[in-house]
Amino acid sequence: MTITLFFSFHLSFSLFEDVPAVRRHLVRKSNKGQVVHINKDHKEPSARSRKLDRTPHEVFVELNELVMDKNQELQWRETARWIKFEEDVEEETDRWGKPHVASLSFRSLLELRKTISHGAVLLDLKQKTLPGIAHQVVEQMIISDQIKVEDRANVLRALLLKHRYVSPLAVYDPPATLLRTKDNPPILGMHRSKSKHELKLLEKIPENAEATVVLVGAVAFLEQPSMAFVRLQEAVLLESVLEVPVPVRFLFLLMGPPIANIDYHQIGRSISTLMSDKHFHEAAYLADERQDLLNAINSFLDCSIVLPPSEVGGEELLRSVARFQREMLRKREEQQGKELKVKEPKSPKDKALQAPFKPGVDPLRRSGRLFGGLIRDAARRYPKYASDLRDALNPQCMAAVIFIYFAALSPAVTFGGLLGEKTGGLIGVSELIIATAMQGVIFSLLGAQPLLVVGFSGPLLVFEEAFYSFCNANDMEYLTGRVWIGFWLVLIVVLIVAFEGSFLVRFVSRFTQEIFSFLISLIFIYETFSKLGKVRLGRRVVGEPNTALLTLVLMSGTFFIAFYLRKFKNSAFFPGKLRRMIGDFGVPISILIMVLVDYSIKDTYTQKLSVPTGFSVTSPEKRGWLIPPLGSDGQFPVWMMGASILPALLVFILIFMETQITTLIVCKKERMLLKGSGFHLDLLIIVAIGGVSALFGLPWLAAATVRSVTHTNALTVMSKAVAPGDKPRIQEVKEQRVTGFFVALFVGLSIVIGDLLRQIPIAVLFGIFLYMGVMSLNGIQLTERMLLLLMPPKYHPDHTYVRKVRTLRMHLFTAIQLVCLAALWAVMSTAASLAFPFVLILTVPVKWFLLPRIFTTREMQCVSLTAWMHAHTHTKSSTVA
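In case it helps, mature numbering (1 follows the signal peptide of the UniProt record, and there is no 0) puts the sequence shown at residues -16 to -1, 1 to 865.
Structure follows, in structure tokens:
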């Protein structure tokens, strides 16, 4: 783009020669008349003792180019901006295009490097106004022989021209005001107020960001290209220079004749893209001299790709470029060091976010005294009780209550039905609903991490079935045996908490956690289809042969509606608030739709939800609410009272593993939880209440992984405004006790509204069961690596464990995990299922003693992260759920 500079005659040369508002910013001259510019080699005496702040900030970059408006007047027009990605103004429609990754020409980067090597570089310039900056820049350009003395006024005029911006609805110019002094002619000043567009854009710009202004254009009065790179000593607001009021820290100016063989626009894009690059703009903040900037450009070029002219395109080109760039980035990482450095928080908010993960407040750090961890958990969490109530005053919490209510009721009813079948009706739906409600209410009131949802799980179902079979085979009362297991559970958990045994969860690496999480999800999915295949037909009615088909339709419909409404939350349809509301209520909406579908089909029978009438046990003829510890006939074997410690250990292992791993998943660092957690306190509450519940014939519960993660996700607030083209990030999680309390309460009251719940087809709950199982599989690294087994290496995604571990070695690691998973499933499916917890524990020594003999430390760090717990607690989380 070439432009011939034209100035109207009403702006005379003297305008900028005698105005005090401008003259006070002129560089000082010595007695000999020599020009002295203020840069790194010359500092004001008052600034010598002041330490310069060069802390790197996030950046907002704006590119402005000289254009001629319809009145044949020159002005700076905004043509592009960078908030991580590049956005360009489309000339035809005069609106912003889609954010995209900037692609630069190699020649423009070389020209940029050349101009910086010969141009004016002013670092830590102590100016706070645009006229002052402009005069310093012009004088330095004269000193560096880029422009002539007689060009000073023309360049000043160009720098102080008005700016033109683009809004979503219209193009507008900042209104100009004339500033007068007593003895001098007017000078052009600029002022504008914030608009709705500005406020919306400011939300997308990172907090504490500083701006870079890039000014490029062709002018007729210059004989050669002239450049200046400026870093201000302090970021300042320059009125009407930027589209939004963001403090400016850097300026880049490039002007030259139209006949020069350079592309001003492309060079402007090049420096803008460089400043938006994290590594380059950090180097720009820390640069002491020109050579530091040139070295940063060289580093950028080392990681850039030059595509030769070719007709090859499409996905093949993208894949080859991606592979080559990954290799270059890997080399840069190796040069910069592989060790992760923990940076000190720069603001009180950052400190608050990082506080729960600093070594001083590690929830698993042992205090060295009895019950020290328990006391510390209570002292850390209970002072935030009032905020737990205040933070629940949010519509999203109401949506979470409705969603999680069905998510908690569905497994209670489904597992209750399975439990009733496997225990001869001694423990069924009624007992499981009451246990879920009672233990959930107590935990939500007293727990250290109320985001956890207490519920029944697949591994506990396996144990209950195995123990019931054992009792029948040895002619012992099953419920009485559970009472003594409960007594031992209370004793075991008190001892473990007294000696702070929760620290053992540090040894549960990602290797074991992934296997356990995958197994639980697999149980959800398996039981869904297993139960679907055993749908019992009711009384013979017309259309009965279609029952199986309708059941499948209801289950599938519930699953797919809930699944796609969840994805709809991040789509581009409808306004954001409506879209998020639909996504948050996706599960209740899917349930309602499928219930209405079932209700509208009169001629086909479907099995409905079985809810007991009132607070009665499942089998009143077999048992009551209180279980006698000595048996119904007082003849329970004494030896079994003591031997119950062995099955109690098995139950404790299951509850310990699931509760502590679930806490790790819920509290992973990227969720940015602020109130902390309490491994010791939560374990004591869950196990102790479960132990006492055995006296009433109620099942043991644990922190249910799938439901807890679903609960946390439902309370997660994603950032509404992010950098254009970037993905939404977690803004906060509504940490409170109210949703868990009401979910548990409503589950208990489900018995009261039994008539309404009995209208819900059991197939709909199967769909929710399947939805929770499938959603929990997403994000587990084991699931991702299993899919890679079926995928050619050239199609593998850009993950660390793909880039840094050879394909066959990665597949071997996955295969070992699958073998462990298969062993666990085999044990669960045989008469040895009672030993399932011990087999699960064996995956821990497999990880710590066997895998190091097969894989290198680097390979294990990339795939399984050897120091997973340490990294989770201090630097970063490695768990995805």
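A virtual CB, placed ideally from N, CA and C, is assigned to each residue, including glycine.
Closest residue to residue i among the options (Cα-Cα distance)
i, options, result
"Ser603", "Met422, Ala457, Val413", "Val413"
"Glu187", "Ile67, Tyr369, Lys406, Gly485", "Ile67"
"Leu143", "Met211, Val150, Asn192", "Met211"
"Leu503", "Ser441, Ile255, Gly356", "Ser441"
"His147", "Pro559, Glu194, Val676, Leu58", "Leu58"
"Ala86", "Glu605, Trp684, Ile800, Phe69", "Phe69"
"Leu774", "Arg787, Met794, Val758, Met756", "Met794"
"Asp129", "Gln208, Gln111, Asp78, Glu62", "Gln208"
"Ile480", "Ala672, Arg607, Ala396", "Ala672"
"Met812", "Val446, Ala698, Phe797", "Val446"
"Pro242", "Leu206, Ser224, Lys778", "Leu206"
"Gly431", "Leu377, Arg365, Pro347, Glu194", "Arg365"
"Leu237", "Val228, Arg253, Gly352", "Arg253"
"Asp346", "Pro379, Leu614, Ser661", "Ser661"
"Leu772", "Lys54, Thr791, Thr784", "Thr791"
"Val581", "Ala747, Gly517, Asn378", "Ala747"
For residue j and residue i, believed in contact at Cβ under 8 Å, the rounded distance
i, j, result
"Asp261", "Phe284", "6 Å"
"Leu435", "Ser692", "7 Å"
"Val731", "Ile417", "6 Å"
"Ala419", "Pro683", "5 Å"
"Phe663", "Thr689", "Actually they do not touch by this definition, with Cβ atoms about 15 Å apart."
"Asp108", "Gln275", "About 16 Å separates the two Cβ atoms, so there is no contact after all."
"Ala450", "Ser817", "4 Å"
"Phe508", "Ile645", "Not a contact, Cβ separation roughly 16 Å."
Exposed unless 16 or more other CB atoms sit within 10 angstroms - verdict on residue i
i, result
"Met312", "exposed"
"His84", "exposed"
"Met578", "buried"
"Arg769", "buried"
"Val326", "The predicted position of Val326 is uncertain, since its pLDDT is 41 and thus under 50; no value can be drawn from it."
"Ala306", "exposed"
"Asn15", "Unreliable positioning characterises Asn15 in this predicted model, as indicated by a pLDDT of 33, which lies under 50. The coordinate reading is nonetheless provided below. Flag for Asn15 reads exposed."
"Glu448", "buried"
"Leu393", "buried"
"Pro631", "buried"
"Val437", "buried"
"Asp372", "buried"
"Lys82", "exposed"
"Val133", "exposed"
"Ala339", "With a pLDDT of only 38 at Ala339, under the threshold of 50, the placement of this residue in the model should not be trusted, and no figure is reported."
"Tyr779", "exposed"
"Phe491", "exposed"
"Leu(-12)", "In this prediction, Leu(-12) has a pLDDT of 33, which is less than 50 and means its spatial position is unreliable; what the coordinates show is noted afterwards. Buried: at least 16 other Cβ atoms inside 10 Å."
"Ala815", "exposed"
"Lys561", "exposed"
"Arg564", "buried"
"Gln845", "buried"
"Pro395", "buried"
Query raised in the report: Taking the runs of the alpha helix (DSSP H) that are 4 residues or longer, which of them lie wholly in the stretch 791 to 827?
Result: Fully enclosed alpha helix (DSSP H) runs of 4 or longer: 791 to 812.
Query raised in the report: Does the stretch 610 to 628 come close enough to the stretch 460 to 467 to have 3 or more Cβ pairs within less than 8 Å?
Result: The stretch 610 to 628, when compared against the stretch 460 to 467, does touch it at the 8 Å Cβ threshold.
Query raised in the report: Three or more C-beta pairs closer than 8 Å, one from the stretch 762 to 771 and one from the stretch 416 to 431: is that the case here?
Result: no
Requested in this report: Scan the stretch 349 to 407 and note each continuous beta strand (DSSP E) run of 3 residues or more that stays entirely inside, going in chain order.
Outcome: none
Requested in this report: Would you be able to state if there are at least three C-beta pairs under 8 Å between the stretch 805 to 821 and the stretch 634 to 644?
Outcome: Yes: the two stretches touch, three or more of their Cβ pairs being nearer than 8 Å.
Query raised in the report: Within the chosen definition, does the stretch 484 to 498 reach the stretch 827 to 842 through at least 3 CB pairs nearer than 8 Å?
Result: yes
Requested in this report: Quick one: which unbroken alpha helix (DSSP H) runs of 4-plus residues sit fully inside the stretch 529 to 609? Chain order, please.
Outcome: Unbroken alpha helix (DSSP H) stretches of 4 residues or longer found wholly inside the stretch 529 to 609: 531 to 552, 560 to 568, 570 to 584, given in chain order.
Query raised in the report: Looking at C-beta atoms only, is the number of pairs between the stretch 567 to 574 and the stretch 539 to 547 that lie closer than 8 Å three or more?
Result: yes
Report task. Could you tell me whether the stretch 473 to 484 touches the stretch 710 to 725, using the rule of 3 or more Cβ pairs below 8 Å? Result -> no
Query raised in the report: Okay, do the stretch 186 to 200 and the stretch 36 to 54 touch, 3+ Cβ pairs below 8 Å being the bar?
Result: Yes, they touch.
Report task. Let me know the alpha helix (DSSP H) ranges lying completely inside the stretch 423 to 492, each 4 residues or longer, listed in chain order. Result -> 442 to 457, 462 to 482
Query raised in the report: For the stretch 664 to 720, which segments carrying the alpha helix (DSSP H) assignment without a break, of at least 4 residues, lie completely within its bounds, in sequence order?
Result: 689 to 698
Report task. Pick out the complete alpha helix (DSSP H) segments inside the stretch 715 to 794, 4 residues or longer, and give them in chain order. Result -> Counting only runs that start and end inside the stretch 715 to 794, the alpha helix (DSSP H) elements of at least 4 residues fall at 722 to 733, 738 to 741, 746 to 761, 765 to 772, 784 to 787.
**Report entry** Cβ contact (3+ pairs, closer than 8 Å) linking the stretch 585 to 593 and the stretch 740 to 754
**Finding:** yes
Requested in this report: Give a yes or no on contact between the stretch 663 to 675 and the stretch 353 to 371, applying the rule of three or more CB pairs nearer than 8 Å.
Outcome: The stretch 663 to 675 is in contact with the stretch 353 to 371.
Query - Meets three-Cβ-pair contact criterion under 8 Å: the stretch 795 to 809 and the stretch 534 to 543 - result: No: the two stretches stay apart, fewer than three of their Cβ pairs being nearer than 8 Å.
Query raised in the report: What are the complete alpha helix (DSSP H) segments, minimum 4 residues, inside the stretch 618 to 648?
Result: 622 to 627
Query raised in the report: Counting Cβ pairs closer than 8 Å, one from the stretch 673 to 681 and one from the stretch 713 to 720, do we hit at least three?
Result: no
Query raised in the report: Whole beta strand (DSSP E) runs in the stretch 211 to 296 with 3 or more residues, listed along the chain?
Result: Under the rule that a run must span 3 or more residues, the beta strand (DSSP E) segments found entirely inside the stretch 211 to 296 read 232 to 240.
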